[in-house]
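As structure tokens, then:
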């Protein structure tokens with residue numbers, strides 16, 4: 087309470103030089119209005135400020151203060167009337183109130199009047215006028231091209247009278263995580279699960295170890311669901327001496343539950359603000375917001391690369407993304423190309439707007455595109471997130487709150503804003519003998535047609551799992567290695583039969599190098615065939631080349647076993663499986679295998695590795711396995 091009165095006195099004293107020329111009754115109304123505003127008696131504050139203007143029609147400060155209050159309440163029509171009257175009645179009023187009047191006209195969608203006012207009073211050296219001109223022009227165009235009608239509030243199970251922000255979902259989209267303001271100073275993480283009616287159950291606090299007595303907010307779950315990145319405030323600085331402010335933290339799930347969160351350390355965190363982290367789906371880049379020195383504006387977006395087992399010094403994403411305003415809430419979709427963020431600096435609807443950019447190469451992104459109306463409004467929009475299939479999105483906005491509290495909204499993604507179509511390949515790396523899961527195995531993914539390496543990542547440190555999003559329409563070669571194990575190659579074809587966002591399961595088994603038996607069999611390659619196909623693609627030949635080459639100098643027996651699904655008759659299936667095995671056998675001999683050591687056999691529909699009740703299962707069963715025995 088004492089702080090409120092001190093603030094009130096500061097405001098009153100700031101106007102004292104002008105009070106000497108203002109009638110006493112007008113001054114008294116002005117002071118009562120300020121006291122009522124501090125006491126949050128909004129109606130009384132407005133009535134007394136109108137009283138001050140009524141007692142003295144040229145009361146510049148009263149017009150300015152009441153106009154600001156109307157703008158805060160988004161009562162733009164009343165603000166326009168106030169600023170228009172002030173322009174007529176106050177000394178030098180036309181010029182003094184031109185900017186607030188122009189802003190109110192823009193927010194009230196009176197673009198023509200706003201542009202006329204801007205043309206009259208703008209100067210070449212005043213950047214604020216130019217920003218208003220761009221905003222008015224953009225809004226006039228955006229409002230005429232409504233991009234969607236599907237935006238809805240996520241409802242009372244998610245949203246409250248407090249602020250809810252930073253939505254993200256589990257990989258299956260059935261769990262929604264978000265940040266909620268729990269009191270005036272604290273934020274915590276909450277989660278809710280989807281109900282059977284298209285809505286959400288009431289959200290619950292996720293509890294420890296992620297939530298503590300400090301502020302935690304702006305969480306983001308990694309694409310594979312194994313890591314969570316978030317902001318924690320009220321920390322000591324990394325050097326242990328000063329107050330570190332808000333820093334980036336990370337926790338992982340070994341199998342269930344979350345580990346104790348760990349700070350990213352001094353390479354990422356500074357005494358400035360670092361937060362709102364987002365990991366690229368290949369686990370190689372960390373995007374985050376910071377107001378550290380070296381930026382272009384207040385808050386900028388930065389990125390750090392993970393190379394040689396460590397996170398490197400972050401670099402600013404440059405003027406293509408960052409502006410003299412604030413950029414925050416970075417999110418890169420699972421396609422590893424489509425980048426979304428919030429900005430107050432790029433031309434938009436006003437306040438914070440949401441933008442989309444596309445990755446050009448590893449460090450360059452395209453010019454951002456405003457996501458348009460009604461995704462963006464004259465209010466603030468931030469923390470955009472879209473599901474793996476790119477069909478649904480979530481974001482936070484204070485469009486329906488005059489108190490500035492954010493709610494979470496959801497929508498069907500318009501076609502022009504959707505990311506690239508991808509499938510999500512996931513599985514486990516395990517020891518082929520002991521059958522235990524292997525963490526920290528290196529996995530390399532290459533384009534099977536071109537041989538270009540696309541991704542390099544490791545299996546999860548907790549449960550040996552891996553997950554990677556890959557664009558549809560291509561075939562990919564997977565190679566895995568780990569110290570103490572023989573390399574393994576496999577191919578994954580996403581050319582046909584898959585829908586965007588579909589999960590494709592493919593495990594990787596590695597044979598220990600020191601495993602000794604008189605006779606040892608090891609599967610070194612698996613080739614999958616489309617329905618009724620009996621031919622090898624160039625990508626299949628590349629996989630066989632990579633798989634057999636390390637064995638050519640050894641004394642081995644190569645067994646080539648063909649299998650089919652259960653469609654067709656057993657006799658036809660056996661013939662087809664033998665034909666496919668023969669194709670692979672001939673290709674292995676071309677690569678360098680001795681014809682006398684290669685044995686092929688067709689087993690038809692025997693020994694399925696997956697169910698034949700689904701197309702994905704049948705695709706896995708239509709295969710030729712290459713086994714070496716030494």
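In my numbering, the protein residues as written are 87 to 716.
Note that the Cβ used here is the ideal one computed from N, Cα and C, for glycine as well.
Owing to the predicted nature of the structure, the values given are computational and were not obtained by experimental measurement.
Residue 598 is bridged by DSSP to 571. Per DSSP, residue 294 is not a residue of any alpha helix (DSSP H), being assigned neither H nor E.
In the DSSP assignment, residue 469 falls within the unbroken beta strand (DSSP E) covering 467-472. DSSP places residue 206 in the uninterrupted alpha helix (DSSP H) bounded by 197-207. Just measuring C-alpha positions, the residue of 520, 357 and 158 sitting nearest residue 600 is 520. About 6 angstroms separates the beta carbon of residue 689 from that of residue 647, a gap short enough to meet the 8 angstroms contact definition. Boundaries of the beta strand (DSSP E) harbouring residue 254: 250-255, taken from the DSSP string. Setting aside the 5 residues that flank it on each side, residue 337 is surrounded in the same chain by 314, 344, 345 and 347, each with a C-beta closer than 6 angstroms to its C-beta; the list follows chain order. For the 8 angstroms CB-CB criterion, residue 434 and residue 409 do not form a contact. Less than 8 angstroms divides the Cβ of residue 402 from the Cβ of residue 388. Residue 459 carries a coil assignment under DSSP once its states are collapsed to helix, strand and coil. Of the other Cβ atoms in all chains shown, fewer than 16 fall within 10 Å of the Cβ of residue 283; this residue is therefore exposed. Exposure of residue 569 is indicated by the presence of fewer than 16 other C-beta atoms within 10 angstroms of its C-beta.
With a cut-off of 8 angstroms on Cβ pairs, the segment 492-511 is not in contact with the segment 212-232, counting fewer than three such pairs.
In the structure shown, the three-state DSSP call for residue 716 is coil. Within the same chain, 451 and 453 come within 7 angstroms of residue 406 by CB-CB distance, once the 5 residues on both sides are set aside. Judged by DSSP secondary structure, residue 371 falls within the beta strand (DSSP E) whose first and last residues are 371-376. Put simply, of 474, 184 and 214 the residue whose alpha carbon is nearest the alpha carbon of residue 508 is 474. Closest by C-alpha distance to residue 468, out of 524, 210, 264 and 142, is 264. Its chain contains 695 and 696 as the residues whose beta carbon lies nearer than 6 angstroms to that of residue 706, once the 5 sequence neighbours on both sides are disregarded; these appear in chain order. Counting of Cβ neighbours within 10 angstroms places residue 638 among the exposed residues, the total staying below 16.
The distance from the Cβ of residue 278 to that of residue 262 is about 5 angstroms, consistent with a contact at the 8 angstroms cut-off. Assignment of residue 634 by DSSP, reduced to helix, strand and coil, places it in the helix class. A distance of 8 angstroms or more separates the beta carbons of residue 701 and residue 612.
In the three-state reduction of the DSSP assignment, residue 386 falls in the strand class, which pools E and B.
Here DSSP, grouped into helix, strand and coil, assigns residue 309 to coil. DSSP places residue 656 inside the alpha helix (DSSP H), whose first and last residues are 656-677. Residue pairing by DSSP places residue 444 opposite 424 in a beta bridge. Where residue 145 is concerned, there is no enclosing beta strand (DSSP E), because DSSP gives it neither an H nor an E.
Residue 342 counts as exposed, since fewer than 16 other beta carbons sit within 10 angstroms of its beta carbon. Nearest to residue 420 by C-alpha distance, out of 514, 115, 602 and 553, is 553.
C-alpha of residue 485 to C-alpha of residue 296: approximately 29 angstroms in a straight line. Unbroken beta strand (DSSP E) runs of no fewer than 3 residues, entirely contained in the segment 210-292, are found at 250-255, 261-267 and 273-279, following chain order. Annotated as distal: residue 426 and residue 438, with beta-carbon spacing of 8 angstroms or more. For residue 251, the CB contacts under 6 angstroms within the same chain, skipping 5 residues up- and downstream, are 265, 469, 482 and 492 in chain order.
In the DSSP annotation of this structure, the continuous segment of the alpha helix (DSSP H) that includes residue 186 starts and ends at 184-193.
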